[in-house]
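Everything on this sheet refers to the single structure shown next.
Number of protein chains: 2
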Amino acid sequence: MKSCKIAVIGATGAVGQVFLRIAEERNFPISDIRLCASERSVGKKLEFNSEEIEVELCTQKLLEEVDFTFISASSDVSKKIAPLAAACGSIAIDDSSVFRMDDTVPLVVPEVNPTDLISHKGIVSIPNCSTTPLVMILKPLMEASKIKRVIVDTYQSVTGTGSAALQELKDQSQDILSGNQIKVQEYPHQIAFNVLPHIEPFQGNGYTQEEMKMVYETRKILHNDNLMVSATCVRVPVPVSHSESIHIEFETAVTPDEAKKILLNKPGIKIVDDPYSNLYPMPIDASGSDDVLVGRIRKDVSHPNGIAIWISCDNLRKGAALNAIQIAETMMKQNIVKSTTWR
Amino acid sequence: MKSCKIAVIGATGAVGQVFLRIAEERNFPISDIRLCASERSVGKKLEFNSEEIEVELCTQKLLEEVDFTFISASSDVSKKIAPLAAACGSIAIDDSSVFRMDDTVPLVVPEVNPTDLISHKGIVSIPNCSTTPLVMILKPLMEASKIKRVIVDTYQSVTGTGSAALQELKDQSQDILSGNQIKVQEYPHQIAFNVLPHIEPFQGNGYTQEEMKMVYETRKILHNDNLMVSATCVRVPVPVSHSESIHIEFETAVTPDEAKKILLNKPGIKIVDDPYSNLYPMPIDASGSDDVLVGRIRKDVSHPNGIAIWISCDNLRKGAALNAIQIAETMMKQNIVKSTTWR
């Protein structure tokens, strides 16, 4: 198998750290790895495959030397680095929302729309961490009947925001348990022992950007501009893994058994659906798993053609780092690369 | 104003304790109060209006001496005490699910269906703590257009289970923060830093009892057997107050402004809907409030006649104790009483 040279931009962040662990676990074939972060982390050493690697600043020269540039930092960083990487002949695999709706940028979940990678122009976007598990289950179910409408309410973990938010959840939880004053910095309000119906800024239509991402990204990935989607995105005091309550309306009736049968043994999906034995997806079980856990598959009793489903998915893994690595793996396997040589 | 004699069954529990505080706050006109609990609490003293009152066992003699018997204990207690109270000439106001779907028992939220109290036969049920806030907003909105379908996903607090569950949330949170082993007793799984799509036992159709309560109780209270309702009930690591993401389909289009105008100034409802200033309902703000907080009122972008709403409501107050007291207040004001005399 070929190997490749990669750069990880945002290597010290929550997703960056998980990226390194997954790359080790999967033996992702790396001949050279460069770890980049902001100025204040430069010189810090991170471990990868038992080696210590020094964090450096991302430069044009560095981008010229790598095949893939994985970016999971701020939107501003993506805006600057992704086009530069592409111009340098590196393929940018970008975790930000900046390029996702760009017609020239494939937005890809390898299990769902791998062939969209063929037309890449040097930048590939990975979907929002709440969109990825949703399309993972919608795509196979399109076999059963046309999907007309999806209503989804989310229960999203704080690592979707980042490492600082995870620390804030811990600090606030401890302060509240100890009867101390809490500090609120990462969110507009207390997140410990609370829920916030507010992820990303609000738009003119009363939805948040996060919610509208779920609408537009789902349509783009499934190649269905007519799919009706409504989302309510809610932050819950959970460290890792997003859960979603999903209501699907099909054009014709689909039974829960049919839906379950279709989802069974699909790559990246694990059915956890024996509620009578207290088995259903939960964030504590999804965390650290590569699979989207799918359960509580039942008829939507409010609609003749409806199915209700509950899922949990590790937002740092399949929701981010794992999906990025799988995109690179797919591109290497299928020789879908912009650069003509693997260095 | 008339005064009445009351018994509080389950006085030492989470709802019982809140009941006493609300009765004090509202100057609920009590000429005598009897506090009952299980054997192990007998002799314990609870404060009410600066007096110490001894907890006693509930006896037939006691029930004969009170006008209202407020019951918030186990279903088994309700099964035994409510019919006995009614037989003794006391009006049982029951927080359990035992009698809610009984055709001879009114299921009442005073703001929604007060006239259902007229036909009582000695027992009145209060709805499930997740149903009450839902019907509080559905009822007024029926003015705008016929409601055809409601999809609701909940974010329910642990006090919906009781005091022991609240303690378990605190203990597990502290143990996890300290790196200690946790104890799991009140729920099938860890609740701290997790979410459980499981409230009450599962039924044959894949829904939980809690979820089907929301279907059947909503239909009964709104007198609409054809209303389509689907619920997913989820426990979140929040001490007090349930939140709900609600999707309403009307027969004809209703604008968010119309919906907001209708809900404005309705008793028991407080609009908290200025998302651009980070104002929306949250459990930490609903806790201790008598009102259902209503916000994020917006068009459901997935349906031409849809509205999406987010609410938070104190499950111990309007979801339980407050609603019970308001039922008694309504019956006293309207002279809807079974017994002919107020003792």
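Chains as they are written, first to last, in our numbering: chain R, 1012 to 1354; chain D, 1012 to 1354.
By construction, the Cβ of each residue, glycine as well, lies at the ideal position given by its N, Cα and C atoms.
Being a predicted model, the structure only gives us computed values, none of them experimental.
Q | Outcome for V1303(R) when other beta-carbon atoms lying within 10 angstroms are tallied against a minimum of 16 | A | buried
Q: Note down, in chain order, every chain D residue with its Cβ under 8 Å from the Cβ of F1279(R).
A: The sequence given here has Gly at residue 1279(R), not Phe. Within 8 Å Cβ-Cβ: nothing; G1279(R) doesn't reach chain D, min ~21 Å.
Q. Can you find a C-beta in chain D that's less than 9 Å from the C-beta of N1289(R)?
A. yes
Q) Going by C-alpha distance, which of R1045(D), L1046(D), I1134(D), E1065(D) is nearest G1054(D)? A) E1065(D)
Q. For N1237(R), is the classification buried or exposed, using 16 other Cβ atoms within 10 angstroms of its Cβ as the cut-off for buried?
A. exposed
Q: Drop a sphere of 10 angstroms on the beta-carbon of R1037(D), count the other beta-carbons inside from all chains shown, and report buried for 16 or more, exposed for fewer.
A: exposed
(Q) Comparing C-alpha positions only, which one of Q1028(R), V1312(R), D1186(R), Y1287(R) sits nearest to P1267(R)? (A) V1312(R)
**Q.** Outcome for E1179(D) when other beta-carbon atoms lying within 10 angstroms are tallied against a minimum of 16
**A.** buried
Q.
Taking 9 Å as the threshold (beta carbon to beta carbon), is A1313(D) in contact with chain R?
A. The question names Ala, but residue 1313(D) in the sequence shown is Ser. Chain R, which has a Cβ nearer than 9 Å to the Cβ of S1313(D), makes this yes.
Q. Of all the residues that make up the segment 1187-1210 of chain D, which are near chain R by a beta-carbon distance shorter than 7 Å?
A. L1188, P1199, H1200, Q1201, F1204, N1205, V1206, L1207, P1208, H1209
(Q) Applying the 10 Å Cβ sphere with the 16-neighbour rule, what's the burial state of T1080(R)? (A) buried
Q. Whose C-alpha, out of N1346(R), T1172(R), K1344(R), A1332(R), is nearest the C-alpha of T1143(R)?
A. A1332(R)
Q | Beta carbon proximity, V1029(D) to chain R, threshold 9 Å | A | no
Q | Inside the segment 1077-1122 of chain R only - alpha helix (DSSP H) runs reaching at least 4 residues | A | 1086-1098
Q) In chain order, what residues of the same chain lie with their CB nearer than 7 Å to the CB of M1398(D), ignoring the 5 residues before and after it? A) Look at the range of chain D in this structure, 1012 to 1354, and you will see that residue 1398(D) is not part of it.
Q) Would you say S1184(D) faces chain R, with C-beta separation under 9 Å as the test? A) yes
Q.
For chain R, check one thing: does any of its Cβ atoms lie closer than 9 Å to the Cβ of T1243(D)?
A. yes
(Q) Below 8 Å, how does it come out for the segment 1202-1209 of chain D and the segment 1115-1127 of chain D: are there three or more Cβ pairs, yes or no? (A) no
Q. Hey, how far is the Cα of K1194(R) from the Cα of Q1183(R)?
A. 7 Å
Q: Go through the segment 1192-1269 of chain D residue by residue and report every complete run of the alpha helix (DSSP H) that reaches 4 residues or more, in order.
A: 1220-1233
Q.
Across the segment 1252-1265 of chain R and the segment 1157-1164 of chain R, are there enough close Cβ pairs to call them in contact, namely three or more that are closer than 8 Å?
A. yes
Q: Look up A1175(D) in the DSSP assignment and say whether it is helix, strand or coil.
A: helix
Q.
Within 8 Å, do at least three Cβ pairs link the segment 1276-1284 of chain D to the segment 1242-1255 of chain D?
A. no
**Q.** Of the residues D1105(D), H1131(D), S1168(D), N1235(D), the one placed nearest D1114(D), counting alpha carbons only
**A.** H1131(D)
Q: Name, going along the chain, the residues of the segment 1153-1171 of chain R whose beta-carbon falls closer than 8 Å to a beta-carbon of chain D.
A: R1160, V1161, I1162, D1164, Y1166
Q: Could you tell me which chain D residues have their CB closer than 9 Å to the CB of N1216(R), listed as they occur along the chain?
A: R1309, K1310, V1312
Q. Taking Cβ positions only, does S1300(R) come closer than 9 Å to chain D?
A. no
Q: Pull out every residue of the segment 1250-1262 of chain D whose Cβ sits closer than 7 Å to any Cβ of chain R, in chain order.
A: P1250, S1254, S1256, H1258
(Q) So E1269(D) and A1155(D) are supposed to be a Cβ contact under 8 Å. How far apart are they, rounded? (A) 6 Å
Q.
Can you give me the C-alpha to C-alpha distance between G1002(D) and A1084(D), rounded to a whole angstrom?
A. Given that chain D is displayed from residue 1012 to residue 1354, the structure contains no residue 1002(D) and the question cannot be resolved.
Q) When the Cα of G1133(D) is compared with those of S1141(D), F1110(D), L1145(D), which residue comes out closest? A) F1110(D)
Q. D1087(D): buried (16+ other C-beta within 10 angstroms of its C-beta) or exposed?
A. exposed
Q. Does the beta carbon of L1305(R) come closer than 9 Å to any beta carbon on chain D?
A. Here the sequence assigns Val to residue 1305(R), which means Leu is not the residue at that position. No, no contact with chain D.
Q. What residue range is occupied by the uninterrupted alpha helix (DSSP H) comprising I1033(D)?
A. 1025-1036
Q. Is P1125(D) near the ligand MN, with its Cβ less than 8 Å from a heavy atom?
A. As far as ligands go, the structure on display features none, and thus does not contain the ligand MN.
(Q) Quick check: the Cα distance between R1230(D) and A1297(D), rounded to an integer number of angstroms? (A) 25 Å
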